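Colleague: In the working numbering, the protein residues as written are 58 to 165. For reference, the structure I am asking about is given below.
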């Protein structure tokens with residue numbers, strides 16, 4: 058669960074919340090780039106009966122090394138499209154080690 062002072066605002070790696078969606082009147086954006094554990098994400102989506110693009114991708118694993126570069130790319134695209142002024146990047150936690158390749162992808 059992702060929450061702020063107002064309460065729950067989303068399920069990490071599964072679904073964002075109504076209060077955090079973007080509309081035509083949005084003037085400020087907080088861009089979060091995160092890594093969510095594939096197994097926990099799959100279990101949460103399955104338990105709640107929620108299938109989303111985010112849940113589909115995170116449940117299959119994402120490149121842990123692309124969290125900060127992904128944030129920088131998203132920020133660049135937003136600035137090119139909408140203009141604005143970025144803030145400083147803040148990193149919380151640590152980047153998990155890359156997952157070892159699956160044995161099913163190893164040539165025999």
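The C-beta atom is built at its ideal place from N, Cα and C for all residues, glycine as well. The structure displayed is predicted, hence computed values, not measured ones.
When DSSP builds the beta bridges, which residues end up paired with residue 61?
Modeller: Paired residue(s): 64.
Colleague: Can you check the stretch 104-141 for any beta strand (DSSP E) of at least 3 residues that lies completely inside it and give the ranges in chain order?
Modeller: Entirely contained in the stretch 104-141, not one beta strand (DSSP E) run reaches 3 residues.
Colleague: Which residue from 156, 70, 59 puts its Cα closest to that of residue 107?
Modeller: It is 70.
Colleague: Which residue wins for smallest C-alpha separation from residue 171, given the options 110, 117, 86, 72?
Modeller: Absent from the model: residue 171. The displayed extent of the chain is 58 to 165, so no value can be given.
Colleague: If we ignore side chains and look at the alpha-carbon of each, how far apart do residue 59 and residue 66 end up?
Modeller: Roughly 6 Å separates the two Cα atoms.
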